[in-house]
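Notes to accompany the following structure.
Protein chains in written order, with this note's numbering: chain X, 1154 to 1483; chain S, 1154 to 1483; chain A, 1154 to 1483; chain H, 1154 to 1483.
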């Protein structure tokens, strides 16, 4: 259940305050140059420690346990493990009884009948995106010369948002935002009709990122108010180049060679210092919760690198599948 | 690739103007009452023939080829076939050379190296949603007492839209819209953390519906401008009931027992009578296309029943998986 | 559950005495020449009507419902349907109460809580191998220049067995046998380490053929009594050619370029005219059953073409996966 | 590709002389008691160090990285890692050039274009079965009250084989054998018709064990020389109990409630001290190889616990799937 992909496959394991986060990457071809240092830049982008993000600091130096030999991928499954050096499980004791509104505490407790690890959200924590980012580092290599870039479009409704974040933080509150992802040079032909449409594959992966509440491709929700004659992208030549790119680079579930463009909405972090109403799971009585610990005033700030990783993973898999589908026989 | 689901599985086959549309439904438990008549109401909702929808009329009387015996499902795979009585392939001859803007013609030609069936969009046609609706009829039975209801929220930007559609139709144009889906009594505990979050599963399936360009859960894009203290739904009791339902019934990828609510954006139909710019795939020269045949001025009108079906399929599978995961050993 | 393969995928549906057998073949590349006539030779090999095989005669003229246009595969899923013209359901009425020893009647009744179609074994019938053979016809095209040939090694313990079969038939009994399959020119590099070893994939598929009770690769059970120094195949050159082929063309789960060789054991048909002990499922009392209808005195006679089909399906999928795994990025 | 199972899923990673072996176990229900000590007995059975097995000694103390909290499984994926303390990679240097006959060296080199880790067979090593055994420890808990027991039937053709093994070892050679597996109280109803028959699932998994060359269920190859009237197991009562168990507890791909019985053939270890013919991959010239290092004179001695583990994994998954398929709706 915690695996993604058909040919290039990623599997996640770990808990926020357990010993480590592990990710298994299967289906990577042999001969891709890979070193521990390659993970540093994207892991650093993902990590907190800046204005608006959590004060938690993990070292995040991954160990490549398998699948790499003499500096190159071997073609065997890669297991990459990052230790949770920054874990402070004691800070979360009370959460086991009083589920945080907007968080997975109650659903985890219900689904796993109270056996879930409640510390810092356990397996539901955004901490696990460290594994996504690692897999994304590899996927980005595989999809070259395609490149993925995600950027924050707005936070708290504004394109200039530093002061808003500081204000929310000071008030013990949090802000949501919108992140846009753009893929250049992905090439035409990725995705399948219907169930494995490229939008299906991308959205499936993107909603694995905690706090994402919506996704739109191309003009997205704007299309609801456009006419077909406005929306349709005129086709300019046999290579599929279009005069506009309202479709976001996808037609009929398959990439058309123009940039792939989509936006995701990131909700404000559920963990806030302000008091909130919840229930005591042991007594059944109403309770008030004030969440301590270290949190993000704006989780959207950390989403771009995770969104890039997720997108690259999907494209690497779609590219591998397309190669297989068009490949020579045995 | 054209299959959806892990335990309750649906596979689609067929082309718009081929002999028939087939759907295989695997993983349905035995003992579910099923007759051909059960498909009639939803197939009728899906069918065109009303203001704003295509004039194409297929009889849409399904044949249950397998998996049903004496009026009950047997537990074996069901193959359901509907003949394409309304096909008029001759109307689409010119499309093989001049791909329709906004449609899958160019990507299909590119991906399948010109071997695709171009008649009416071939395998990419909305005609295949007849198979989705059929599978949905069965899925709705499986998820009872949960019920799924989808309704049009707006078309062309308005909640009262009959005149807008008629106007667009008269001008040879088309309109987009927004459709909302609500699931009641689905129960808590559906979906998995991360890769198989309920939003991941639902969006994966929903983007298989032609013309969908976006999806948002709960308050969706509105969350980008809310604060955590506004968005978080206060938890009222140990059953997980919340004072508001901004989350759309899902936390941490798992249903929380409140209504599951999401909206999809449906683009205006790509096939319009107005002249459009495209390319002649044989000569490489620019071309103008005026699309004849029978089309929808507003495809959103036909989406609700398809969206319900898709949603029910996902929930039936998620329910089955949850039962397996919590089930007794061998 | 009734699907096989990761990239080249085959799904089966149907019952022995239902209206038809359907098979969906997904993941076939576009541009493969395919006509109804292409199925005739292998379907004819599969069909009964010769000494030792059932007298049941179906016409077995498949309808290609989808995925083929102008004589070539389109790359979309193919649905192929064969009507069950030879069905005589009335002959099987008593089986619903008295499960045949050695057959799936009791397990089907138990598993599907009595809702299974009991006529002629229903979904468990060897009749469904018609779908395997159809998929195999396509797979054989895909794996060219590799070729698959299966042949009977022995029946009733003898290489010359016509008289044995006639004798068994006359006595209302049945005989088992051994069938060998050999693949030439499959090339090296098919299969994966561990869970998707080529032996894993082949055996998985082969045990879908009713009546198969065992499989051995290369020298197989003989290896249990050999020493390593005898068994190991000396490697002759960098192309992997070996002096002997005791390994049956597979090392470490991956084809090594030599012929792939394996044998399967086919049990005697469970349906025999001789009286047998069983139970009456309604009364719980012991019962005697004498099976009427039309049956095979030696089902092994019909296995070679099914074994070839199954093998070709697996190799086509493995070849597609290998192409994907080694393929260029997106 | 290196994952097994649909609901209860196991994924393997690691190399013989890399830092560690990792296994991810997904789909385990919450609330199963689990401690590091639980792995000791089966890991000890798997480990070498006895007459006839390799002198390599790893400590094999697993770290449970995730999925367990307060002594119970949480329902989240479990990552279990065992360090390779006994690795001596220097012993394998020459193998990178001269592939060992009967081993995966050549296929690994070919498939992964020379990027594979050649030390001790790398990812193809029997060392990875440590992960299978760990997953098996958990699976055995899940399938209770079913129990799995595997035992050696013969080695070198004899039931009393200690002297034979010592003789082979002294001669720098190795012996094959046969191992039988029996499952009691698995219950009826596991497995699916056709592609996911219980034999398909079991054989798929069993051929992931290095050195297995064949499998037979029930009387297996003996069935080729029996008549239907001998082979068919008379049914004694409505619970499916049979007078004999020639079918090995499976009919129509589904367990029938009697003991599940099958045998596997284990080839003699490919790594032997005797000189063997091979090729130098760099020069293309013939070469002779004498394999040093630490090896098993009879790998079959170590197979029973691995076979038990593999079998338990398959049954746990089949049981989970059956629970899902028969489960209540959403």
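All C-beta atoms in this analysis are idealised placements derived from N, C-alpha and C, irrespective of residue type, glycine included. All figures in this text were calculated on a predicted structure; none of them were measured in a lab.
Check, Outcome
"Looking at the secondary structure, which residues open and close the beta strand (DSSP E) in which residue 1307/X lies?", "1300–1308"
"Measuring CA to CA, which of 1411/A, 1400/A, 1221/A and 1396/A is closest to residue 1439/H?", "1396/A"
"Strictly below 8 Å CB to CB, what residues from chain S border residue 1229/H?", "1346"
"Measuring only the C-alpha atoms, how far is residue 1169/A from residue 1446/A?", "13 Å"
"Can you have a look at residue 1197/X and say buried or exposed, based on whether 16 or more other CB atoms are within 10 angstroms of its CB?", "exposed"
"In chain order, what residues of the same chain have a beta carbon less than 8 Å from the beta carbon of residue 1482/S, not counting five sequence neighbours either side?", "Low confidence applies here, because residue 1482/S scores a pLDDT of 40, under 50, leaving its location unreliable and the question unanswered by this model."
"For residue 1156/X, does the three-state DSSP call read helix, strand or coil?", "strand"
"Checking contacts by CB at 8 Å: is residue 1476/A closer than that to chain X?", "yes"
"Would a check of beta-carbon distances place residue 1382/X closer than 8 Å to chain A?", "no"
"Tell me which same chain residues have a C-beta within less than 7 Å of the C-beta of residue 1238/A, skipping the five on either side of it?", "1211 and 1212"
"For residue 1217/A, tell me which candidate among 1418/A, 1235/A and 1204/A has the shortest Cα-Cα distance.", "1235/A"
"Buried or exposed: residue 1224/A, going by 16 or more other Cβ atoms within 10 Å of its Cβ?", "exposed"
"Determine the contact status of residue 1335/A and residue 1414/A, defining contact as a CB-CB distance below 8 Å.", "yes"
"Could you tell me whether the Cβ atoms of residue 1444/A and residue 1424/A are closer together than 8 Å?", "yes"
"Checking contacts by CB at 8 Å: is residue 1482/H closer than that to chain X?", "Caution is warranted here: a pLDDT of 40 is assigned to residue 1482/H, below 50, making its placement in the model unreliable, and the coordinate value is therefore given only provisionally. No, residue 1482/H lies away from the interface with chain X (no Cβ there is under 8 Å from its Cβ)."
"Any idea what DSSP makes of residue 1217/H, helix, strand or coil?", "strand"
"Say yes only if the C-beta of residue 1210/S is nearer than 7 Å to one or more non-hydrogen atoms of the ligand SAH, and no if none qualify.", "Only the bare structure without any ligand can be found here, which leaves the ligand SAH out of the picture."
"Does the structure place the stretch 1305–1324 of chain X close enough to the stretch 1303–1319 of chain S that three or more beta carbon pairs sit under 8 Å?", "no"
"Kindly confirm or deny that the stretch 1250–1268 of chain A and the stretch 1340–1352 of chain H touch, where touching means at least three C-beta pairs closer than 8 Å.", "yes"
"Where do the ends of the beta strand (DSSP E) carrying residue 1236/H lie?", "1231–1236"
"Quick one: list the residues of chain S neighbouring residue 1456/X, beta-carbon separation under 7 Å, in chain order.", "Per Cβ cutoff of 7 Å: no residues; residue 1456/X is ~12 Å from chain S at best."
"Are the Cβ atoms of residue 1469/A and residue 1192/A separated by less than 8 Å?", "no"
"Within the stretch 1167–1201 of chain A, note down every full alpha helix (DSSP H) run reaching 4 residues or more, in order along the chain.", "1193–1199"
"Considering residue 1439/X, what are the terminal residues of the alpha helix (DSSP H) in which it resides?", "That residue, residue 1439/X, is in no alpha helix (DSSP H); its beta strand (DSSP E) goes 1439–1442."
"DSSP puts residue 1333/A in a beta bridge; with which residues?", "1304/A and 1416/A"
"In chain S, which residues lie less than 8 Å from residue 1307/A when you measure between Cβ atoms?", "Residues of chain S passing the Cβ test: none, with the nearest at roughly 34 Å."
"Residue 1283/X to residue 1457/S, Cα distance in whole Å?", "38 Å"
"Which one of 1366/X, 1459/X and 1408/X has the shortest CA to CA distance from residue 1338/X?", "1408/X"
"Measuring alpha carbon to alpha carbon, tell me which residue in 1432/X, 1476/X, 1300/X and 1380/X is nearest residue 1392/S.", "1432/X"
"Are the C-beta of residue 1421/A and some C-beta of chain X separated by less than 8 Å?", "no"
"Using a beta-carbon distance cut-off of less than 9 Å, what residues from the stretch 1171–1193 of chain A approach chain X?", "1180, 1181, 1182 and 1183"
"When the Cα of residue 1228/S is compared with those of 1459/A, 1252/A and 1264/A, which residue comes out closest?", "1264/A"
"On the DSSP bridge list, what partners appear for residue 1456/X?", "DSSP, once it has assigned bridges, lists no residue as partnering residue 1456/X."
"Taking residue 1291/A as the reference, which of 1157/A, 1181/A, 1471/A and 1357/A has the closest Cα?", "1181/A"
"Locate the beta strand (DSSP E) running through residue 1291/S, then write down its first and last residues.", "First-last for residue 1291/S: 1282–1296, but that is the alpha helix (DSSP H), not the beta strand (DSSP E)."
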